[in-house]
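Counting in the working numbering, the sequence shown runs from 2 upward without gaps.
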Amino acid sequence: MSAVYVCAPGRSGNIASSMSRRGYLDYLRERGHLVVWTGSSSPDYVAGLGLDDTDVRTGSFRVWFGRAVVGAVSGPTRIAVDTGRVEVGVRHSMHMWMLALLMVIALPRGGRGIWRGRGVDASSGNPVVLLPYRIVSALCRRSMDDGLPNWAFRLGTPTSRWGTDRPLAALVLRGDRPRPSDEWMAWFTATTSNLGLEPAVLVHSTDDYLSSQHLSRALGGQYRAWFVGNHADQEQTVRDVYARSAIVVGDRVHALVAGATEGAVPLGWVESGSVGTTFDAVGMPWVGRWEGDAVERFPALDLALLAEYRGVMTEAVDRCRAVLGRVDPVEVGHDEY
Numbered sequence: 002m003s004a005v006y007v008c009a010p011g012r013s014g015n016i017a018s019s020m021s022r023r024g025y026l027d028y029l030r031e032r033g034h035l036v037v038w039t040g041s042s043s044p045d046y047v048a049g050l051g052l053d054d055t056d057v058r059t060g061s062f063r064v065w066f067g068r069a070v071v072g073a074v075s076g077p078t079r080i081a082v083d084t085g086r087v088e089v090g091v092r093h094s095m096h097m098w099m100l101a102l103l104m105v106i107a108l109p110r111g112g113r114g115i116w117r118g119r120g121v122d123a124s125s126g127n128p129v130v131l132l133p134y135r136i137v138s139a140l141c142r143r144s145m146d147d148g149l150p151n152w153a154f155r156l157g158t159p160t161s162r163w164g165t166d167r168p169l170a171a172l173v174l175r176g177d178r179p180r181p182s183d184e185w186m187a188w189f190t191a192t193t194s195n196l197g198l199e200p201a202v203l204v205h206s207t208d209d210y211l212s213s214q215h216l217s218r219a220l221g222g223q224y225r226a227w228f229v230g231n232h233a234d235q236e237q238t239v240r241d242v243y244a245r246s247a248i249v250v251g252d253r254v255h256a257l258v259a260g261a262t263e264g265a266v267p268l269g270w271v272e273s274g275s276v277g278t279t280f281d282a283v284g285m286p287w288v289g290r291w292e293g294d295a296v297e298r299f300p301a302l303d304l305a306l307l308a309e310y311r312g313v314m315t316e317a318v319d320r321c322r323a324v325l326g327r328v329d330p331v332e333v334g335h336d337e338y
């Protein structure tokens with residue numbers, strides 16, 4: 002099996018930064034032995050990447066690049082760009098030039114470049130700075146990846162094993178935005194009460210501490226703070242709640258994706274949000290349809306509408322996983338991914 006050299010640095014304190022990359026790394030691992038550069042990323046972040054004993058990790062770009070050159074001249078080697086939005090700037094353009102060089106070395110020997118993610122913010126407008134990004138994009142044939150779902154959809158429990166006991170309504174709101182209005186809080190309280198659900202306030206980012214504490218005091222119910230630094234442990238904490246939640250309401254994309262992959266219907270029905278694009282692209286248009294609207298415009302969420310959303314969500318999650326190359330086990334009693 003060939004090797005896959007991939008860049009996957011990220012920041013601590015926000016499980017979104019490791020969650021989608023773990024889905025991407027799982028996909029790449031099926032295509033070769035992973036050699037991962039994580040830069041100066043903390044051990045807590047690295048824990049969330051789900052690296053296994055067969056993977057090689059280094060924080061030194063020089064070491065990673067040297068091994069990649071040796072691999073590229075020795076035989077079929079894959080060079081993978083980080084998933085997520087790629088930084089555009091003079092410094093990072095040098096990084097892209099190096100990736101382009103590795104891909105050019107690898108291609109004649111049966112290698113290839115891989116870039117499957119959100120891509121580049123081309124607002125820079127500087128053609129010199131953007132040139133290596135365009136070269137890498139061409140080498141990776143990025144046009145084939147248009148409309149790719151978020152890699153975090155690859156994670157989570159198989160839809161056939163989603164539980165039916167769901168007494169909770171999970172809530173995740175960003176701490177860097179205004180607190181929800183009294184009207185919104187009244188809507189959330191009334192909706193969860195009508196559905197017979199108990200609120201459960203979750204934290205996906207340490208930036209959300211103050212807002213989540215405010216919400217938990219105002220709503221009551223359960224509160225799952227970020228008690229540990231380890232991304233893997235915190236992600237498991239929130240997934241355990243999603244697996245018992247009928248809905249997840251919020252303005253963090255990866256919270257809604259994680260909830261959907263555990264069977265909780267995602268709702269981006271908040272007063273300020275930007276989650277609609279992610280879910281529109283995968284066939285769940287209701288998620289962001291009313292983001293930014295006044296609560297008076299929200300539809301009445303009853304059990305019948307919730308069941309309709311859940312059916313569409315189940316098909317959408319299965320479809321996303323198929324596109325992202327995940328095949329769930331079908332044997333009864335098979336261990337969960």
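All C-beta atoms in this analysis are idealised placements derived from N, C-alpha and C, irrespective of residue type, glycine included.
Here Leu-304 is exposed. Its C-beta has fewer than 16 other C-beta atoms within 10 Å. About 19 Å separates the beta carbons of Val-254 and Arg-225, which is beyond the 8 Å limit, so they are not a contact pair. Relative to the Cα of Asn-15, the nearest Cα in the group Gly-230, Leu-220, Ile-248 and Met-314 belongs to Gly-230. The straight-line gap separating the alpha-carbon atoms of Ile-80 and Gly-114 is approximately 5 Å.
With 16 or more other Cβ atoms from the protein chains shown falling within 10 Å of its own Cβ, Arg-117 counts as buried.
By the C-beta density criterion, Ser-273 is exposed, having fewer than 16 other C-beta atoms within 10 angstroms.
In terms of CA proximity to Thr-193, Leu-268 leads the group Trp-291, Ser-43, Leu-268 and His-34.
Taking 8 Å as the upper bound for CB-CB distance, Gly-24 and Arg-155 are in contact here, some 4 Å apart. Restricting attention to Ser-161, Leu-211 and Arg-320, the CA atom closest to the CA of Gly-176 is found in Leu-211. In this structure, Ala-256 is the residue among Ala-256, Gly-251 and Ala-317 with its C-alpha nearest to the C-alpha of Thr-238. Sorting Gly-164, Asp-56, Leu-169 and Leu-108 by C-alpha distance to the C-alpha of Cys-141 places Leu-108 at the top. The Cβ-Cβ distance between Phe-299 and Trp-291 falls below 8 Å. Contact between the stretch 60 to 76 and the stretch 25 to 40 is present, with at least three C-beta pairs closer than 8 Å.
Contiguous alpha helix (DSSP H) elements confined to the stretch 127 to 192 occur at 128 to 141, taking only those with 4 or more residues. When only Cα atoms are considered, Val-271 and Val-283 end up about 20 Å apart.
Measuring C-alpha to C-alpha distances from Ser-3 to each of Thr-78, Arg-327 and Ser-19 identifies Thr-78 as the nearest.
C-alpha of Met-285 to C-alpha of Val-313: approximately 7 Å in a straight line. Annotation: the continuous beta strand (DSSP E) that includes Trp-38 extends over 34 to 38.
In the three-state reduction of the DSSP assignment, Ile-115 falls in the strand class, which pools E and B.
Non-local beta-carbon contacts of His-93 in its own chain, meaning distances under 8 Å to residues more than five positions away in sequence, involve Val-87 in chain order. Bounds of any alpha helix (DSSP H) do not take in Val-266; it lies within the beta strand (DSSP E) bounded by 266 to 268.
Annotated three-state conformation of Ala-301 is coil, per DSSP.
Asn-127 counts as exposed, since fewer than 16 other C-beta atoms from the protein chains shown sit within 10 angstroms of its C-beta. Taking the Cβ atoms as the reference, Ala-247 lies roughly 26 Å from Ala-233, outside the contact range of under 8 Å. Taking 8 Å as the cut-off, the beta carbon of Thr-84 is found closer than this to the beta carbon of Trp-152. In the DSSP assignment, the residues bridged to Arg-79 are Val-5 and Arg-113. Every beta strand (DSSP E) stretch that sits fully inside the stretch 224 to 295 and reaches 3 residues is listed by chain position as 246 to 251 and 266 to 268. Partner residues in a beta bridge of Ser-19, as assigned by DSSP, do not exist. When DSSP states are grouped into helix, strand and coil, Arg-12 belongs to the coil group. Around the Cβ of Pro-150, a 10 Å sphere holds 16 or more other Cβ atoms; the residue is buried.
In this structure, DSSP gives Val-318 a helical state, which the three-state scheme calls helix. Here Val-5 is not near Arg-22, since their CB atoms are 8 Å or more apart. Only residues of its own chain outside the window of five on either side were considered, and among them Gly-284 have a CB closer than 8 Å to the CB of Glu-316, listed in chain order.
Beta-bridge annotation (DSSP): Glu-199 is paired with Leu-169. Judged by beta-carbon spacing, Phe-189 lies beyond the 8 Å limit of Val-249, meaning their Cβ atoms are not closer than that value.
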